[in-house]
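Participant: Before I ask anything, here is the structure I am working with.
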Amino acid sequence: MRFARLALIGVVAALVIVSAERQPSPLSPRVYLDQGLSVMQRNDVAAEDVDWATVTRHAQRMAAAAKTPQDTYPAIQYALDQLRRAGDGHASFVYPYWTEPAPIPASQPMPTVTVVHGKLGQVTLPEFQHTFDSAWAQRYLSTVLSGIAALEKRAHPCGWIVDLDGDIGGNGWAMVLSVGPIIGEGRIGGLTGRNGFLGWVSYRNGVISGLGISFPAPIRVPVISPAPPVAVLTSQETASGGEFVAVAFRGRPQTRSIGAPTAGATNGPGLFRLADGARLFLGVNDFVDRNGVVYKHSIRPDIVAYLDQAAASRWLLHTSACAHDPRHG
């Protein structure tokens with residue numbers, strides 16, 4: 000899928016953990032297949048929901064006549080398909096002759112901050128396929144943060160729309176950091192892996208941190224106070240890092256998600272190298288919201304709506320913050 004490939008382009012896709020499985024080479028096709036299946040079973044967060052005895056038997060039958068490791072690729076793809084059915088939206092195979100893509104152009108869509116109905120703020124977040132230390136990342140973050148600060152000073156919106164429709168993923172930490180003043184301070188989510196809970200992620204004083212790492216915003220913007228109502232727009236194109244942002248808003252007071260169910264790649268992926276240079280792209284941790292709810296599949300919005308922006312505006316304008324705002328009729 001497109002968002003899975005884009006997650007490979009970015010160094011961080013939501014929370015990417017890059018790994019390698021080093022095996023002796025050359026390998027017989029049977030050993031190659033068995034080790035590939037073992038990597039999936041040991042590392043993928045959806046593996047516990049797969050019948051590996053059945054998958055292994057079927058994969059071995061598919062590769063019974065294999066003469067080379069390459070002949071086992073269809074059997075490996077079959078096993079990856081079972082992981083996708085079990086909930087890993089990232090599970091995919093990267094051929095050994097796959098080359099690194101050209102650098103992502105600076106003309107990639109930029110986020111926007113606008114006014115809706117004269118009294119609502121809207122942040123539209125496109126995909127974010129860069130690391131924190133890139134010039135483009137600083138531009139992306141500064142665009143959102145300075146836009147939020149300017150709009151708060153000029154119009155003081157009574158509510159905010161965070162539009163994730165079409166946000167196919169990338170660096171979820173950076174995208175959360177960009178809307179930190181809207182989310183508010185404190186715990187915004189966490190991660191859980193095959194061996195249990197990994198840790199919480201928090202936003203405070205313009206810094207997103209967790210699991211021993213932290214990233215500061217390029218400019219400091221105070222959190223909006225009092226905390227405004229927020230409508231989060233999602234669609235089937237909201238994936239991976241975009242879903243990480245959606246989860247960061249789950250459980251937040253005065254917040255509703257509106258639109259269509261997300262793509263269902265609610266995990267952080269990792270790369271696992273096989274003996275011939277092929278790689279397995281597997282989900283290695285699941286997203287957890289601030290209340291401890293684990294997300295293993297597509298996120299269903301609170302309000303299912305086709306015209307999501309209209310539905311978001313309607314909901315926000317009926318909240319007490321907007322309906323009783325003395326500055327607006």
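In numbering that gives the first Met the number 0, the protein residues as written are 0 to 328. The beta carbon of each residue, even a glycine, is placed where N, CA and C say it ideally should be.
1. Would you mind listing the beta strand (DSSP E) stretches within the region 116 to 188 that are 3+ residues and don't spill past its ends, in chain order?
2. Taking the beta carbon of W314 as the centre, do at least 16 other beta carbons fall within 10 Å, making it buried, or is it exposed?
3. Ignoring anything shorter than 4 residues or poking outside the region 256 to 327, list the alpha helix (DSSP H) runs there in chain order.
4. Quick one: is F196 buried, meaning 16 or more other Cβ sit within 10 Å of its Cβ, or exposed?
5. Taking the straight line between their C-alpha atoms, what separation do you get for G198 and N42?
6. Buried or exposed for I212, please, with buried defined as at least 16 other CB atoms from any protein chain shown within 10 angstroms of its CB.
7. How would you label D50, buried or exposed, when you count the other beta carbons within 10 angstroms and need 16 or more for buried?
8. Would you kindly work out how many angstroms separate the C-alpha atoms of S145 and K152, rounded to a whole number?
9. By Cβ distance, which residues of its chain are closer than 7 angstroms to T53, with the 5 residues on each side in sequence left out?
10. Identify which residue in D80, A230, P268 has its Cα closest to the Cα of P156.
11. Check each candidate in V175, R193, N194 and name the one with the smallest Cα separation from I187.
12. Leaving aside the five residues before and after D301 along the sequence, list all residues of the same chain whose C-beta is less than 8 angstroms from its C-beta, in chain order.
13. What residue range does the alpha helix (DSSP H) around Y202 cover?
14. With DSSP as the reference, label I223 as helix, strand or coil.
15. What number of angstroms, rounded off, separates the C-alpha of R193 from the C-alpha of G282?
16. I'd like to know if the region 199 to 211 and the region 270 to 277 are in contact, where contact means that at least 3 CB-CB pairs between them fall below 8 angstroms.
17. Could you check the C-alpha separation between W159 and I181 for me, to the nearest Å?
18. For the putative contact between F214 and F131, defined by C-beta atoms under 8 angstroms, what is the C-beta separation to the nearest angstrom?
19. If you count every other CB in all the chains shown that lies within 10 Å of the CB of A78, and 16 or more means buried, which is it?
20. Measure the C-alpha to C-alpha separation of R29 and Q76 and round it to an integer number of angstroms.
21. Which residue wins for smallest C-alpha separation from Q81, given the options D48, V200, G241, A311?
22. Ends of the alpha helix (DSSP H) at G35?
23. Tell me whether the beta-carbon of V115 lies closer than 8 angstroms to the beta-carbon of I147.
Facilitator: Checking against the coordinates, here is how it stands:
1. Runs of the beta strand (DSSP E) lying entirely within the region 116 to 188, each at least 3 residues long, are 119 to 123, 158 to 162 in chain order.
2. By the 10 Å Cβ count, W314 comes out buried.
3. Whole alpha helix (DSSP H) segments, 4+ residues: 307 to 316, 319 to 322.
4. Exposed, by the Cβ-count rule.
5. It is roughly 18 angstroms from the alpha-carbon of G198 to the alpha-carbon of N42.
6. The residue is exposed, with fewer than 16 neighbouring Cβ atoms inside 10 Å.
7. Its Cβ having fewer than 16 others within 10 Å, D50 is exposed.
8. The alpha-carbon atoms of S145 and K152 are separated by roughly 11 angstroms.
9. Cβ within range, chain order: n/a, list empty.
10. When only C-alpha atoms are compared, the closest one is A230.
11. Distance from the Cα of I187 is smallest, within the candidate group V175, R193, N194, for V175.
12. Excluding the 5 residues flanking it on each side, D301 has same chain C-beta neighbours closer than 8 angstroms at R255, S256, I257, in chain order.
13. Careful: Y202 lies outside any alpha helix (DSSP H), inside the beta strand (DSSP E) at 195 to 203.
14. Coil at I223, not helix or strand.
15. If you take the alpha carbons of R193 and G282, they lie about 10 angstroms apart.
16. Three or more beta-carbon pairs separated by less than 8 angstroms are not found between the region 199 to 211 and the region 270 to 277, which leaves the two stretches without contact.
17. I181 has its alpha-carbon roughly 8 angstroms from the corresponding atom of W159.
18. Distance from F214 to F131 at the Cβ level is roughly 5 angstroms; contact confirmed, criterion being Cβ atoms closer than 8 angstroms.
19. By the beta-carbon neighbour count (other beta carbons within 10 angstroms, threshold 16), A78 is buried.
20. Taking C-alpha positions only, R29 is separated from Q76 by approximately 15 angstroms.
21. Ranking D48, V200, G241, A311 by Cα distance to Q81 puts D48 first.
22. Residue range 28 to 42 is occupied by the alpha helix (DSSP H) that includes G35.
23. V115 places its beta carbon 8 angstroms or farther from that of I147.
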